[in-house]
Amino acid sequence: MPFNSLVEEYKVAKARLLLTLRDSSDEKISGAGIEVRTGRKWSVKQAIDQAESSLNLQDIVGTTNKGREGLGIRFKQRWRDSDKVERRSMVQTELRRAEDETRSSRSVQLGSQGSWMKWNLPERQLTWQELWSYEPLQLSFLLRSVYDLLPSPTNLKLWKLSEDPSCPLCGNVGSLRHIMSSCNTALSQGRYRWRHDQVLREMADILEKERKKDRPLKKTGPHFINFVKEGEKKSAKSTGTGILHDSKNWEMLVDLGKKLKFPEEVTHTSLRPDIVMWSRSPKLMVMVELTVPWEERVEESHEIKKGKYPDLADTCKERGWKTWVFPVEVGCRGFPSQSVWKMLGAVGIKGGARNTAAHALGKAAERASSWLWLRRNEPTWQPS
Ligand SMILES: [Zn+2]
1024 MPFNSLVEEY KVAKARLLLT LRDSSDEKIS GAGIEVRTGR KWSVKQAIDQ AESSLNLQDI
1084 VGTTNKGREG LGIRFKQRWR DSDKVERRSM VQTELRRAED ETRSSRSVQL GSQGSWMKWN
1144 LPERQLTWQE LWSYEPLQLS FLLRSVYDLL PSPTNLKLWK LSEDPSCPLC GNVGSLRHIM
1204 SSCNTALSQG RYRWRHDQVL REMADILEKE RKKDRPLKKT GPHFINFVKE GEKKSAKSTG
1264 TGILHDSKNW EMLVDLGKKL KFPEEVTHTS LRPDIVMWSR SPKLMVMVEL TVPWEERVEE
1324 SHEIKKGKYP DLADTCKERG WKTWVFPVEV GCRGFPSQSV WKMLGAVGIK GGARNTAAHA
1384 LGKAAERASS WLWLRRNEPT WQPS
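Residue numbering for the sequence shown is 1024 to 1407, as defined by my numbering.
Below, the structure is given as structure tokens:
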């Protein structure tokens, strides 16, 4: 979320002011000993001293690498070699970092409001433009569901506004998680299936558009490297990469409405992946299985779904079909997992189009969830 605290902005602004005055090239100003008032608890001077000594220490520690990064891949501005202007911005960044750290350590302490810290999902950028275009109710649902501040039965009990913390449908403990993803009554009524289908429809739409696109075929046969002569520009035209680019005639089936029947020319099976795309020549087969889980369970669902189709995939491969299986998850509060990006990239949706597509999928899940939330007290379920 793009919300920095007001306190952070205040601290940084004060620090900027003090630094500008202290390091002024006009001796009358820098020597005047001007104090910047900031109240009793927090002193801007101390904060700057701390930030500067921390930056000094970072110089001594040197540049460190993360994971499997190569040496020298990270550039680090060094305190010692920086001029006044650079130092000023470095101190401000350092202050922001420290603020951010306090914020996250506080989130870790909070059990339910901070549970998003445990999600292993790509961050979602909510821009101001988007904030303006959100419907108020929808935005409120997004923010409050992420931080578990919605008036679910357990929260109402906690806030002493009601006596009964049970789910209106089944009578079990009615936490937000229960209502959104693990109520057995809601499951048997088909509420979760409905949400799943909403997201699936969006995904099918995205893939269908990509399928219908006119794509230049990849050349087969010997592959030549075209050298670019001196002074010549490399031609920007390139044939796309991705599974869909390997054939021109793709067929697609989606498990919506009437039950999907696995293409008989490939193999006979009673299994029904959510989306099946195949091409006869060359023999290619893509299966997509979608889950809309509670965000904390994304990895678990991925593993479960991964174990569902290896036999089917092996059978297809034995019959000469090159096969891909993509289990993908879109968190029920609108957070697509890494597997979504991976799948989109693999079929050939790249760059900005990929971001837009993932975003649309998240939005679909979020909208459906907020609808389920609004109708949580209705005993019967009639999908509209
Ligand atoms: Zn329930």
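Cβ coordinates follow ideal geometry from the N, Cα and C atoms, glycine included.
Rounded C-beta distance between residue i and residue j? I'm assuming under 8 Å.
| i | j | result |
| --- | --- | --- |
| SER1130 | MET1140 | 5 Å |
| THR1346 | LYS1328 | Between LYS1328 and THR1346 the Cβ distance is about 16 Å, and since that is not below 8 Å, they are no contact. |
| GLU1274 | TRP1301 | 6 Å |
| ILE1008 | GLU1225 | This structure leaves residue 1008 out entirely; the chain is present only between 1024 and 1407. |
| LEU1276 | VAL1299 | 5 Å |
| THR1177 | SER1205 | Not confirmed; about 13 Å, so no contact. |
| LEU1267 | VAL1370 | 5 Å |
| ASN1088 | TRP1102 | ASN1088 to TRP1102, Cβ: 19 Å. No contact. |
| ALA1391 | GLN1221 | 4 Å |
| PHE1164 | TRP1404 | Actually they are not in contact, since the Cβ atoms of PHE1164 and TRP1404 sit about 19 Å apart, beyond 8 Å. |
| TRP1217 | PRO1406 | 5 Å |
According to DSSP, is residue i helix, strand or coil?
| i | result |
| --- | --- |
| TRP1404 | coil |
| GLU1146 | coil |
| PHE1415 | The structure shown does not extend to residue 1415, since the chain spans only 1024 to 1407, so no value can be given for it. |
| THR1314 | strand |
| LEU1384 | helix |
| ILE1298 | strand |
| LEU1133 | coil |
| LYS1260 | Unreliable positioning characterises LYS1260 in this predicted model, as indicated by a pLDDT of 49, which lies under 50. The coordinate reading is nonetheless provided below. Three-state DSSP puts LYS1260 in coil, outside helix and strand. |
| VAL1251 | coil |
| SER1127 | helix |
| VAL1222 | helix |
| SER1156 | helix |
| MET1308 | strand |
| SER1189 | strand |
| VAL1059 | coil |
| GLU1389 | helix |
| VAL1289 | coil |
| ARG1119 | helix |
Where does the unbroken alpha helix (DSSP H) through residue i begin, and where does it stop?
| i | result |
| --- | --- |
| GLU1032 | 1029 to 1045 |
| LEU1367 | 1361 to 1370 |
| LEU1080 | 1067 to 1084 |
| LEU1210 | 1207 to 1212 |
| THR1338 | 1333 to 1341 |
| THR1177 | 1176 to 1181 |
| HIS1268 | Element bounds for HIS1268: n/a, residue is neither H nor E. |
| GLU1326 | 1321 to 1329 |
| SER1053 | 1050 to 1053 |
With a Cβ-Cβ cutoff of 8 Å, do residue i and residue j count as a contact?
| i | j | result |
| --- | --- | --- |
| ASN1143 | VAL1030 | no |
| LYS1386 | GLY1354 | no |
| ARG1111 | VAL1035 | no |
| CYS1190 | ILE1202 | yes |
| LEU1160 | ARG1167 | no |
| ALA1074 | GLU1117 | yes |
| VAL1363 | MET1310 | no |
| SER1324 | PRO1333 | no |
| PRO1296 | SER1270 | no |
| PRO1359 | LEU1384 | yes |
| LEU1041 | ILE1052 | no |
| SER1138 | ASP1171 | yes |
| PRO1350 | GLU1389 | no |
So residue i is in the beta strand (DSSP E); what residue range does that whole segment cover?
| i | result |
| --- | --- |
| PRO1350 | 1345 to 1352 |
| GLU1274 | 1273 to 1277 |
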